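Here is the structure we will look at.
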Amino acid sequence: MDDFIDNLPPMDLLRSEKMTFVQLIIPVESAHRAISYLGELGLFQFRDLNADKSPFQRTFVNQVKRCAEMSRKLRFFKDQIRRTSLISSMHPVLQPDIELEELEIQLAEHEHELIEMNSNSEKLRQSYNELLEFKMVLQKAGGFLVSSNNHAVSEDRELDENVYSNDGYVETASLLEQEMRPGRPDQSGLRFISGIICNSKVLRFERMLFRATRGNMLFNQAPADEQIMDPLSTEMVEKTVFVVFFSGEQAKTKILKICEAFGANCYPVPEDITKQRQLTREVSSRLAELEATLDAGMRHRNKALSSVGFHLAKWMSMVRREKAVYDTLNMLNFDVTKKCLVGEGWCPIFAKTQIQEALQRATFDSNSQVGIIFHLMDAVESPPTYFRTNRFTSAYQEIVDAYGVARYQEANPAVYTVITFPFLFAVMFGDWGHGICLLLGALVLIARESKLSGQKLGSFMEMLFGGRYVLLLMSLFSIYCGLIYNEFFSVPYHIFGESAYKCRDSTCHDAHTTGLVKYQDTYPFGVDPSWRGSRSELPFLNSLKMKMSILLGVVQMNLGIILSYFNSHFFGSSIDIRYQFVPQMIFLNSLFGYLALLIVIKWCTGSQADLYHVMIYMFLSPTEDLGENQLFWGQRPLQILLLLLALVAVPWMLFPKPFILKKLHLERFQGRTYGMLGTSEMDLEVEPDSARQHHEEFNFSEVFVHQMIHSIEFVLGAVSNTASYLRLWALSLAHSELSTVFYEKVLLLAWGYDNLVIRLVGLAVFSFATAFILLMMETLSAFLHALRLHWVEFQNKFYHGDGYKFRPFSFASLNEDED
Amino acid sequence: MYGFEALTFNIHGGYLEAIVRGHRAGLLTAADYNNLCQCETLEDIKMHLSATEYGPYLQNEPSPLHTTTIVEKCTLKLVDEYKHMLCQATEPLSTFLEYITYGHMIDNVVLIVTGTLHERDVQELLEKCHPLGMFDSIATLAVAQNMRELYRLVLVDTPLAPYFSECITSEDLDDMNIEIMRNTLYKAYLEDFYRFCQKLGGATAEIMSDLLAFEADRRAVNITINSIGTELTRDDRRKLYSSFGLLYPYGHEELAVSEDVDQVRAVMEKYPPYQSIFSKLSYGESQMLDKAFYEEEVKRLCLAFEQQFHYGVFFAYMRLREQEIRNLMWISECVAQNQKSRVHDSVVFIF
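Right under this line is the structure:
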């Protein structure tokens, strides 16, 4: 038996890759290149040897900082490009590789240039805004002044001095100087201030003015015609022009202060209409000039940005890689001479030659005198788990990993999950109409694979796309199961020939009372279409699906236990085989294996025996005669034997193992009761950070409790897990009943009316119900139940799932996790 | 309904309590502070902080960093969190959260008023204001010439208006007046906040009354120490003490007549919770008092997280974050000015 198993061809995915612990001694001059070559290869996982050091105490902290600074600049460019909504061509420009130092200089230049351009254009924009505001104030406030002048010309004769306050306003100062000539000093007269303010602040502004002047003012406002761009947020802001009339010197200072506090810009408006016109003209001409300048600046800036945009993606990935390399270098230790870096890590054995070759290449390329030493070591720490998956198997491996990453070299349930998972899903989702819909969806995803894999998808689409091959197999199996159940959107079809049953006479009046008669051979594949709609449809299908679920469950659980045998065989633990695998096999099969056997016999012989009765009385009164429930000769003694075996199996799996472990432990440490003296020599050898440190303590009570928990879990689990497989039947029943309801109560009902509108509405409701409830919700629920059956009922028989994943240092995985 | 908050608290407060506890888990730990204290440059501090929750706020800062930038960005994070919580909050939690910011509002008002008194630029002053204590018309404070105007023009619109009833005088503003105004406002604010918490009842009242009483007592001690040797009369001094707290009323009587630090100390040592604070200090010393009080406060604030279903956690979180930002500011200043030996003088470890 063992020879046979040993000679089995190895399965790729069943065991994780063999790993080895490696020490690299890298001369400083070739370190950077070596690490980046390893990153390109992506098959080496570094251990952090400086875990106790904070990030800025590490060796290459300056380089990391420089990279962070560069990526900050790149982010700045990206942000600028996004703001100008420039569509950067994503064609990777072929360009000779540039060194990091060069790139740094280039980036600094670009940033400097860009910041200068930004500040210039901001200045321009500001003066442009001021002019624009001035123009609007002139237009609007002029209107107020004219109207107020007309009202009472005589009273307001002195209304001529205007207040001008705008310190930062240099551009038009020369123009306005002539306006600044002191007006006729007039303390009691009415004066005004005109300006412009954000729409949102007008109300509060007015209120504040009112309070500050105790109501002695007149506030006029009008919305500005154009929106003005806020230079900081580059958003368009709506503004309002105002004119405040007041009297007195104190009020003026107050109002000016309030204007300043509210960020209102004040502009002087001359009283004279002719002067106003003149000013307006001047302002307009300057505006036009500025606009031209602004546009030119904008074009220049866009050009610069687009030239940056060409290289942006490449530079970003380059900086990201550099940063990753230095981060990895920071995990390495300097050796005593400070000339070499020492790194430790894991790599798969198959990749040894590739890694060595990459290292040699690095030595050669960097003209180093000394080669890189690649040196295998052994480690006590368990190696990481690494499965080489392809795009088909990776989704299934993900399903398993979501429960727990396999222990190193442990049997990987993903091998079986590839088929059993979609199959159990299909048992619950058996309808070939729905299956075809799913299949179409899966095929669309697979056909557009190359296009979709490069894009960023939403979280839901991402999940769907990741599981496209799972979806494919699920749909294929549901078509298969649907054919067995003979359901197409819950309608049976005569695909495989005529039904085996027919009515007793041509009128068929007693079909629903006395039933049909069988007149030819059994329907060749799946359920006979005549069951549909008959009185005994549900009892028949329930009995079929229930028994099928139990059969499937018993088979899958047996597979789980057999895998535990392969595990113990692989790890050479005969105790586990003898005191765990064997009694478990006996226990499960003497009870539920026997039930499965009874089911098969009942199906084959067509017997009328009541299996509940048989199973229940097997425990209650095993010696009693079975009577009419007897299925085969010798059933009673067999039942007694099986019951005894099951009873024996429980203590068998509970007691021996802990005692044997204890004995083994005692033997191993016989004569060493005093333990080893921790000599100072020993302590020196143990490097504090290395993976080689471990001490094993044997605690009998802990082991025993552990074993007890396991045994109890298994014994109780055998019952509850078998029952749990009945969910296959329950969900399949729910699915077929739901689709029947939608078909009969919606579609057929609507079709009964001879009205196109009702029919269309019925069709719409039917298709929505099918798409959302049956295809989405039901798929999800069947998926979850299949997941549970795998994680709990199947995997708890053998799977530890306490390993950790192999996370190689790789540039390929780098690009995904950022931004 | 004391003891039955668990039944109904989570209907409105559960989400935010979870949020605030999550935020609290992001506070810097002792290990972080140890690392920060070893930093050589501000770049190192930025690098270390980039691994914490402050990361996203600092990552886009160009390289020659300043202490102010670090503090500004860290405060921005606090403000963002506060605003998020305020948006999600319903009554009475939203009012509670607003109460937390009134203290900053008072400080900002005082800052602007003193600033204008000394003829500083308003924009410059505005930048120095704590963003949590901002209100719409804060810049207009510069217009006011005396208390009455201050109230009538600006503060009448703010939540601080009711606290002003005690200090409406027509006196012109000067440094002394402003300081008295600050303390009067603060007294009224604390009392109002205290009453509000009492009205909320339950665990909130219990925990917040403890925290606010500590705050009131600390202010009482600070007022006493700061007013020693000034022209403030005893009666005026007593008027500034809040009318609750452990020291109320007998401790206040004694504090009001204290003439030097040792007398204050003698008063405080009669109260067991404050004994430990003063026993750390040597006689005649008041320099380290602030730190001692901060340490005690942090301890109490951390304890607020031990109980569930109350609003004290929000107050405690905001205070802890502010303390953390003060710590960061101190560390950065020490690093920037090459005074690393003094790093530990003023850093209060939170955990």
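Protein chains in written order, with my numbering: chain A, 187 to 1005; chain B, 16 to 366. Just so you know, even glycine gets a beta-carbon here, dropped at the ideal spot from N, CA and C. These numbers come from a predicted model, not from an experiment.
Can you list the residues of chain B that residue i reaches, using a CB-CB cut of under 9 Å?
i: Met504 (chain A); result: Within chain B, no residue comes near Met504 (chain A); the closest Cβ sits about 19 Å away, beyond 9 Å.
i: Arg268 (chain A); result: None at all; the shortest Cβ gap to chain B is about 14 Å.
i: Arg261 (chain A); result: Gln74, Asn75
Can you list the residues of chain B that residue i reaches, using a CB-CB cut of under 7 Å?
i: Ile444 (chain A); result: Thr155, Val158
i: Phe168 (chain A); result: Missing from the structure shown is residue 168 (chain A); chain A here goes from 187 to 1005 and no further.
i: Arg1015 (chain A); result: Nothing about residue 1015 (chain A) can be read from this structure; chain A reaches only from 187 to 1005.
So, for residue i: in the same chain, excluding its five sequence neighbours on each side, which residues have a beta-carbon less than 8 Å away from its beta-carbon?
i: His881 (chain A); result: For His881 (chain A), the predicted model reports a pLDDT of 48, less than 50, meaning its position is unreliable and no value from the coordinates is stated.
i: Asp353 (chain A); result: Unreliable placement is indicated for Asp353 (chain A), whose pLDDT of 41 sits below 50; the coordinate value is still reported in the next sentence. Closer than 8 Å at Cβ, skipping near neighbours: no residue.
i: Cys52 (chain B); result: Ile346, Lys355, Val358, His359, Val362
i: Trp915 (chain A); result: Asn728, Lys731, Met732, Met734, Ser735
i: Arg36 (chain B); result: Phe320, Val328
i: Gly683 (chain A); result: Tyr709, Pro710
i: Asn198 (chain B); result: Arg234, Ile238, Leu255
I want to verify the contact list: residues of chain A whose CB lies under 7 Å from the CB of residue i, in sequence order.
i: Ala218 (chain B); result: Chain A residues near Ala218 (chain B): none, gap ~38 Å exceeds 7 Å.
i: Glu58 (chain B); result: Lys251
Let me check one thing: in DSSP terms, what residues is residue i bridge-paired to?
i: Asn181 (chain A); result: Lying before the first or after the last residue shown, residue 181 (chain A) is absent from chain A, which here runs from 187 to 1005.
i: Lys254 (chain B); result: Looking at the DSSP assignment, Lys254 (chain B) forms no beta bridge with any residue, so it has no partner.
i: Ala408 (chain A); result: A:Val427
i: Ser433 (chain A); result: A:Leu376
i: Lys688 (chain A); result: A:Val703
i: Ile530 (chain A); result: Looking at the sequence shown, residue 530 (chain A) is not Ile but Glu. Per DSSP, A:Gln209.
i: Val677 (chain A); result: A:Phe674
Among the residues of its own chain, which have a CB less than 6 Å from the CB of residue i, if the five just before and after it don't count?
i: Ala331 (chain B); result: Leu316, Ala319
i: Met422 (chain A); result: Gln413, Met415
i: His119 (chain B); result: His145, Leu147, Gly148
i: Ala998 (chain A); result: Gly228
i: Leu345 (chain A); result: Because the pLDDT of Leu345 (chain A) is 41, which lies under 50, any placement of that residue in the model is unreliable, and the number read from its coordinates should be weighed accordingly. Excluding residues within five positions, the ones whose Cβ falls inside 6 Å are Leu376.
So, for residue i: in the same chain, excluding its five sequence neighbours on each side, which residues have a beta-carbon less than 7 Å away from its beta-carbon?
i: Cys54 (chain B); result: Ile60, His63, Val350
i: Glu215 (chain A); result: Ser552, Ser554
i: Thr116 (chain B); result: Leu147, Gly148
For residue i, which option in the options has the closest C-alpha, if you only look at C-alpha atoms?
i: Cys667 (chain A); options: A:Pro678, A:Ser692, A:Asp617, A:Leu625; result: A:Asp617
i: Phe609 (chain A); options: A:Leu210, A:Val656, A:Arg244; result: A:Val656
i: Gln231 (chain A); options: A:Leu629, A:Trp532, A:Leu404, A:Phe262; result: A:Trp532
i: Lys202 (chain B); options: B:Met283, B:Thr219, B:Pro177, B:Lys92; result: B:Pro177
i: Ile365 (chain B); options: B:His325, B:Tyr309, B:Gln323; result: B:Tyr309
i: Leu629 (chain A); options: A:Thr466, A:Gly653, A:Gln641, A:Gly640; result: A:Gly653
i: Val978 (chain A); options: A:Asn402, A:Asn775, A:Ala447, A:Ile585; result: A:Ile585
i: Tyr223 (chain A); options: A:Ile558, A:Asn385, A:Thr908; result: A:Ile558
i: Leu101 (chain B); options: B:Ser65, B:Asp190, B:Ala228, B:Ile34; result: B:Ile34
Chain A partners of residue i, CB-CB under 9 Å?
i: Ser78 (chain B); result: Lys251, Glu255, Arg258
i: Glu133 (chain B); result: The amino acid occupying residue 133 (chain B) in the given sequence is His; Glu does not appear at that position. Under the 9 Å cutoff, chain A gives no residues; its nearest Cβ is about 16 Å from His133 (chain B).
i: His359 (chain B); result: Within 9 Å Cβ-Cβ: nothing; His359 (chain B) doesn't reach chain A, min ~17 Å.
i: Ala45 (chain B); result: Correct list: empty, because the minimum Cβ distance to chain A is about 13 Å.
Starting from residue i, find everything on chain A with Cβ-Cβ shorter than 8 Å and list it in chain order.
i: Asp95 (chain B); result: Those within 8 Å of Asp95 (chain B) in chain A number zero; the least Cβ separation is about 17 Å.
i: Glu54 (chain B); result: The displayed chain sequence assigns Cys, not Glu, to residue 54 (chain B). In chain order: Phe242.
i: Leu168 (chain B); result: Met394, Arg397, Ala398
What residues from chain B crowd round residue i, counting only those whose CB sits closer than 8 Å?
i: Lys440 (chain A); result: Val158
i: Ala237 (chain A); result: Those within 8 Å of Ala237 (chain A) in chain B number zero; the least Cβ separation is about 12 Å.
i: Ala490 (chain A); result: Ordered by position in chain B, no residue passes the 8 Å Cβ test against Ala490 (chain A), which lies about 19 Å from the chain.
Under 8 Å: do the region 537-555 of chain A and the region 210-223 of chain A share three or more Cβ pairs, one atom per stretch?
Using a C-beta cut-off of 8 Å, the region 537-555 of chain A makes contact with the region 210-223 of chain A, since at least three inter-stretch Cβ pairs fall below that distance.
Any contact of the region 531-548 of chain A with the region 288-295 of chain A, i.e. 3+ C-beta pairs under 8 Å?
Between the region 531-548 of chain A and the region 288-295 of chain A, the count of Cβ pairs shorter than 8 Å is below three; the stretches do not touch.
Pairing CB atoms from the region 924-933 of chain A with CB atoms from the region 883-896 of chain A, are three or more of them under 8 Å?
Not touching, per the Cβ criterion.
Using 8 Å as the cut-off, can you tell me whether the region 214-230 of chain B makes contact with the region 238-247 of chain B, which would need three or more C-beta pairs spanning the two stretches below that distance?
No: fewer than three Cβ pairs fall under 8 Å.
With three or more C-beta pairs closer than 8 Å as the rule, is the region 70-90 of chain B touching the region 101-117 of chain B?
No, the region 101-117 of chain B is not in contact with the region 70-90 of chain B.
Taking one C-beta from the region 766-783 of chain A and one from the region 828-841 of chain A each time, how about it: are there three or more such pairs within less than 8 Å?
Touching, yes, given that three or more Cβ pairs across the two stretches are closer than 8 Å.
May I ask you to verify whether the region 617-635 of chain A touches the region 582-594 of chain A, counting CB pairs closer than 8 Å and requiring at least 3?
Result no; under three Cβ-Cβ pairs closer than 8 Å.
Could you tell me whether the region 255-274 of chain A touches the region 75-83 of chain B, using the rule of 3 or more Cβ pairs below 8 Å?
At 8 Å Cβ cutoff, the stretches touch.
Cβ pair count under 8 Å reaching 3, the region 561-573 of chain A against the region 642-649 of chain A
No, because fewer than three Cβ pairs between the region 561-573 of chain A and the region 642-649 of chain A fall closer than 8 Å, the two stretches do not touch.
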